[in-house]
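Enquirer: Residue numbers (this note's numbering), protein chains in the order written: chain A, 104 to 307; chain B, 104 to 307.
Glycine included, C-beta positions come from ideal geometry on N, C-alpha and C.
This is the structure I want to talk about, given as structure tokens.
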DNA sequence: TTCTTTGTTGACCATTTAGTCAAGTTAAGC
DNA sequence: GCTTAACTTGACTAAATGGTCAACAAAGAA
């Protein structure tokens with residue numbers, strides 16, 4: 104019934120790229136339409152506003168990301184190995200993104216969250232929701248590591264907040280200085296926060 | 104020679120508040136003029152553009168902040184005490200700002216830096232410059248702590264990057280969830296990163 | 001074939017926005 | 001009190017922006 108269209112997807116892709124490269128506030132509906140090749144009339148056929156589109160794009164992003172995260176943080180993987188893979192995969196992804204566009208992206212949720220938190224309730228809530236999911240992955244890995252006696256972290260939630268803040272801070276830092284190198288320290292930093300003895304490869 | 108004016112200062116104050124509450128991209132020149140009570144003609148008498156004003160406001164901010172930072176990070180203070188004071192003073196400032204406007208501000212440099220890094224070269228450079236200054240304070244405190252044998256941190260620069268990313272991440276996190284409580288963990292987190300044994304008050 | 005639902009288009013409107021300017025006002029210095 | 005540099009003002013323009021709409025096109029269902 105009726106014709107089909109991929110305009111919705113094209114709009115969501117476009118808004119993600121534009122927000123990534125610039126910012127939410129500086130991205131206009133006209134730009135989004137130009138980039139996606141969708142006419143403004145069609146934009147308003149699918150979405151009510153820029154905010155509406157951005158929220159949908161975030162949902163879409165998370166929908167694609169979640170299975171990957173579930174795999175990385177599978178309870179069948181050793182707790183600290185989960186965190187290591189998270190760092191490695193995150194780094195790989197940032198390399199891809201930089202190759203594709205020339206600049207470091209960082210974490211769009213964090214950057215966007217800081218930008219819109221006092222402006223757009225709907226977007227803000229969505230972002231908080233997704234960030235909380237990330238937090239849960241960390242927390243469970245840390246709790247498991249503690250339970251197995253690998254680290255000492257009786258308050259897993261607190262440690263998870265630290266790891267999370269550090270990781271996000273580093274990603275944002277990488278974006279600001281446009282340099283992926285700083286991200287290579289992420290794993291070592293997280294191990295430091297968790298109080299894991301440094302694994303000195305040479306001396307071991 | 105000629106009349107004097109505080110319009111410049113009023114404009115700088117206004118743009119800071121507006122960027123804080125909203126974002127750089129969503130702040131318009133008209134809003135800045137309304138808030139400061141300065142007419143647009145006068146705006147363009149003093150500044151070339153929004154970017155120009157924002158850059159001046161950052162300079163002004165840092166000019167006021169620097170003496171405070173120099174005091175906190177005075178080499179006459181014990182290294183770890185400097186970091187503690189930095190956390191305490193930072194927290195106090197955030198409390199003030201929240202009382203004044205109802206929302207947590209976080210670090211404007213970091214938030215703004217992540218927003219404009221691919222858009223506005225001039226602002227971006229200024230932000231990087233100031234962030235580097237902050238970094239230097241951390242680094243020198245950490246280096247001193249290491250030299251005094253209080254912590255083990257042969258690579259002070261690297262540790263400083265970690266501490267810095269963590270602190271900025273936490274501030275941004277506080278902004279996103281609009282909750283100052285998370286900032287109370289900052290000192291403990293930094294001590295964790297530096298590998299300082301937890302000072303358990305009760306057991307000591 | 002024809003009907004109906006779904007999606008597309010370009011023209012259109014009202015506001016907002018950045019930016020200009022000539023004429024006016026104020027105060028410091030002579 | 002006069003001059004002049006420093007600042008102010010409001011009216012203006014052009015462009016960008018968000019948003020609407022009626023007419024049109026395509027594709028599946030009857």
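#1: Note down, one range per segment and in chain order, each alpha helix (DSSP H) of at least 4 residues found wholly within the stretch 251–291 of chain A.
#2: Counting only beta-carbon separations shorter than 7 Å, does residue 131 of chain A have a partner in chain B?
#3: Once the 5 residues before and after residue 130 of chain B are set aside, which same chain residues still bring their CB inside 6 Å of it?
#4: Please determine whether the Cβ atom of residue 177 of chain A lies at a distance below 6 Å from any heavy atom of the ligand COA.
#5: Please identify the residue among B/266, B/283, B/287 whose C-alpha is closest to the C-alpha of residue 299 of chain B.
#6: Any chance you could list the beta strand (DSSP E) runs of at least 3 consecutive residues sitting entirely within the stretch 129–175 of chain A, in chain order?
#7: Which one of A/112, A/182, A/153, A/193 has the shortest CA to CA distance from residue 250 of chain A?
#8: Between the alpha carbons of residue 147 of chain A and residue 119 of chain B, how many angstroms are there, rounded?
#9: For residue 276 of chain B and chain A, any beta-carbon pair shorter than 7 Å?
#10: To the nearest angstrom, how far is the alpha carbon of residue 134 of chain B from that of residue 224 of chain A?
#11: Rounding to the nearest angstrom, what Cα-Cα distance links residue 179 of chain B and residue 187 of chain B in this structure?
#12: Residues of the stretch 231–249 of chain A with a CB closer than 8 Å to any CB of chain B: list them in chain order, please.
#13: Could you confirm whether any beta carbon from chain A is found closer than 7 Å to the beta carbon of residue 284 of chain B?
#14: Please name the residues in the stretch 208–226 of chain B whose beta-carbon is closer than 8 Å to at least one beta-carbon of chain A, in chain order.
#15: Have a look at B/293, B/289, B/297, B/296 and flag the residue whose alpha-carbon is nearest the alpha-carbon of residue 197 of chain B.
#16: Mind listing which residues of the stretch 107–123 of chain B have their C-beta closer than 9 Å to chain A's C-betas, in chain order?
#17: Is the beta carbon of residue 194 of chain A less than 7 Å from the beta carbon of residue 272 of chain B?
#18: I need the DSSP call for residue 126 of chain A, collapsed to helix, strand or coil.
#19: Shorter than 7 Å from the beta carbon of residue 193 of chain A to some beta carbon of chain B?
#20: For residue 233 of chain B, which residues of its own chain have a beta-carbon under 8 Å away from its beta-carbon, when the five flanking residues on both sides are left out?
#21: Output the boundary residues of the alpha helix (DSSP H) element that contains residue 214 of chain B.
#22: Please name the residues in the stretch 257–271 of chain A whose beta-carbon is closer than 8 Å to at least one beta-carbon of chain B, in chain order.
#23: Please classify residue 309 of chain B: does DSSP put it in a helix, a strand, or coil?
#24: Within 7 Å of any Cβ in chain B, is that where the Cβ of residue 200 of chain A sits?
#25: Using beta carbons (cut-off 7 Å, strictly below), is residue 296 of chain B in contact with chain A?
#26: Shorter than 7 Å from the beta carbon of residue 305 of chain A to some beta carbon of chain B?
#27: If you draw a straight line from the C-alpha of residue 117 of chain B to the C-alpha of residue 138 of chain B, how long is it?
#28: Report all residues from its chain with a CB closer than 7 Å to the CB of residue 306 of chain B; omit the five preceding and five following residues, and keep chain order.
#29: Within 10 Å of its beta-carbon, does residue 210 of chain B have 16 or more other beta-carbons around it, so buried, or fewer, so exposed?
#30: Kindly list, in the order they appear in chain B, the residues whose Cβ is closer than 8 Å to that of residue 228 of chain A.
#31: Any beta-carbon of chain B closer than 7 Å to the one on residue 89 of chain A?
Expert: With the structure as the only source:
#1: 259–280
#2: Position 28 of the first chain, counting from 1, holds the residue named residue 131 of chain A. Judged by the 7 Å Cβ criterion, residue 131 of chain A is not in contact with chain B.
#3: Position 27 of the second chain, counted from the first residue, corresponds to residue 130 of chain B. Closer than 6 Å at the Cβ level, and outside the excluded window around residue 130 of chain B, lie 121, 122.
#4: Among the components modelled here there is no ligand, and therefore nothing to report on the ligand COA.
#5: Within the second chain, numbered from 1, the residue matching residue 299 of chain B stands at position 196. Closest option to residue 299 of chain B, Cα to Cα, is B/266.
#6: none
#7: Locating residue 250 of chain A in the first chain gives position 147, where the first residue counts as 1. Closest option to residue 250 of chain A, Cα to Cα, is A/182.
#8: Residue numbering aside, residue 147 of chain A sits at position 44 when the first chain is read from its first letter. Residue numbering aside, residue 119 of chain B sits at position 16 when the second chain is read from its first letter. C-alpha separation (whole angstroms): 34 Å.
#9: For this step, residue 276 of chain B is matched to residue 173 along the second chain. It does; some Cβ of chain A falls within 7 Å.
#10: One-based indexing of the second chain puts residue 134 of chain B at position 31. One-based indexing of the first chain puts residue 224 of chain A at position 121. Going by the C-alpha atoms only, they are around 21 Å apart.
#11: Locating residue 179 of chain B in the second chain gives position 76, counting from the first residue. Locating residue 187 of chain B in the second chain gives position 84, counting from the first residue. Taking the straight line from one Cα to the other gives about 14 Å.
#12: 231, 234
#13: Indexing the second chain from 1 puts residue 284 of chain B at position 181. Closer than 7 Å: no.
#14: 209, 213, 214, 216, 217, 218, 219, 220, 221, 222
#15: By 1-based counting over the second chain, the position of residue 197 of chain B is 94. It is B/289 whose Cα lies nearest to the Cα of residue 197 of chain B.
#16: 123
#17: Locating residue 194 of chain A in the first chain gives position 91, counting from the first residue. Locating residue 272 of chain B in the second chain gives position 169, counting from the first residue. No; because the gap between Cβ atoms is not below 7 Å, this pair is not in contact.
#18: Counted from its first residue, the first chain places residue 126 of chain A at position 23. If DSSP states are grouped into helix, strand and coil, residue 126 of chain A belongs with coil.
#19: The count along the first chain starts at 1 and reaches residue 193 of chain A at position 90. So no, residue 193 of chain A is outside the interface.
#20: As a first step, residue 233 of chain B must be located in the second chain, where it is residue number 130. Around residue 233 of chain B: 161, 165, 212.
#21: Locating residue 214 of chain B in the second chain gives position 111, counting from the first residue. It spans 211–219 - the alpha helix (DSSP H) in which residue 214 of chain B sits, taken as one unbroken run.
#22: 261, 264, 265, 267, 268, 269, 270, 271
#23: Any question about residue 309 of chain B goes unanswered here, given that chain B covers just 104 to 307.
#24: Translated into the one-based positions of the first chain, residue 200 of chain A becomes position 97. No, no contact with chain B.
#25: Indexing the second chain from 1 puts residue 296 of chain B at position 193. For residue 296 of chain B, the answer is yes, since a Cβ of chain A falls inside 7 Å of its Cβ.
#26: Stepping through the first chain from its first residue, residue 305 of chain A is reached at position 202. At residue 305 of chain A, the pLDDT of 43 sits below 50, so the modelled position is not reliable and the matter cannot be decided from this model.
#27: Within the second chain, the letter at position 14 stands for residue 117 of chain B. Within the second chain, the letter at position 35 stands for residue 138 of chain B. Their Cα atoms are separated by approximately 6 Å.
#28: By 1-based counting over the second chain, the position of residue 306 of chain B is 203. Annotation note: pLDDT 39 at residue 306 of chain B (below 50); position unreliable, coordinate value reported separately. No residues qualify anywhere along the chain.
#29: Locating residue 210 of chain B in the second chain gives position 107, counting from the first residue. Flag for residue 210 of chain B reads buried.
#30: Position 125 of the first chain, counted from the first residue, corresponds to residue 228 of chain A. Chain B residues near residue 228 of chain A: none, gap ~11 Å exceeds 8 Å.
#31: Any answer about residue 89 of chain A is impossible in this case: the structure gives chain A only from 104 up to 307.
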